[in-house]
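Right, one structure below, let's go through it.
In my numbering, the protein residues as written are 3 to 121.
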């Protein structure tokens with residue numbers, strides 16, 4: 003039983019290190035390193051941590067990379083549901099990809115779910 007906690011601690015430390023790498027690669031605009039790491043994680047049958055997708059999408063949006071936005075947005079939405087806190091970056095990524103109608107649909111859907119009663 004105690005060994006299980008050690009394994010979990012190792013996994014958490016690895017994920018933290020991976021996220022720090024992803025943040026740095028995103029800042030450096032190093033999508034080649036991001037793709038290599040993602041392929042390794044996904045090749046092992048794993049899925050990327052949600053925060054990794056967030057960092058990658060923010061970098062892709064910041065640089066206006068349509069192909070990167072499209073690729074990572076598709077991967078993220080395949081692995082996770084869009085959380086309310088992800089709506090701003092997902093909306094921007096959709097706009098970079100030229101999918102303005104989908105971006106507006108996402109915004110209107112979020113507003114309806116929030117049941118905005120006053121402005």
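The beta carbon of each residue, even a glycine, is placed where N, CA and C say it ideally should be.
Residue nearest to residue i in terms of C-alpha spacing, selected from the options
| i | options | result |
| --- | --- | --- |
| residue 71 | 83, 28 and 45 | 28 |
| residue 50 | 76, 11, 110 and 90 | 76 |
| residue 95 | 13, 111, 16 and 69 | 69 |
| residue 97 | 64, 14 and 83 | 64 |
| residue 56 | 45, 47 and 73 | 73 |
| residue 44 | 105, 109 and 78 | 78 |
C-alpha distance - residue i paired with residue j, whole-angstrom precision
| i | j | result |
| --- | --- | --- |
| residue 92 | residue 60 | 9 angstroms |
| residue 103 | residue 53 | 26 angstroms |
| residue 107 | residue 89 | 11 angstroms |
| residue 33 | residue 86 | 26 angstroms |
| residue 81 | residue 30 | 25 angstroms |
| residue 9 | residue 25 | 24 angstroms |
| residue 83 | residue 12 | 27 angstroms |
| residue 99 | residue 7 | 43 angstroms |
| residue 62 | residue 117 | 31 angstroms |
| residue 42 | residue 112 | 34 angstroms |
| residue 47 | residue 114 | 36 angstroms |
Contacting residues, own chain, Cβ-Cβ under 6 angstroms from residue i (five flanking each side not counted)
| i | result |
| --- | --- |
| residue 3 | Note that residue 3 scores a pLDDT of 46, beneath 50, so its modelled location is shaky and nothing firm can be said. |
Same chain only: Cβ atoms within 8 angstroms of residue i, ignoring 5 sequence neighbours per side
| i | result |
| --- | --- |
| residue 23 | 35 and 39 |
Sequence-distant residues of the same chain with beta carbon closer than 7 angstroms to residue i, five excluded per side
| i | result |
| --- | --- |
| residue 17 | 51 |
- Message: In chain order, what are the residue ranges of uninterrupted alpha helix (DSSP H) at least 4 long that sit wholly in the region 57-81?
- Response: 68-81
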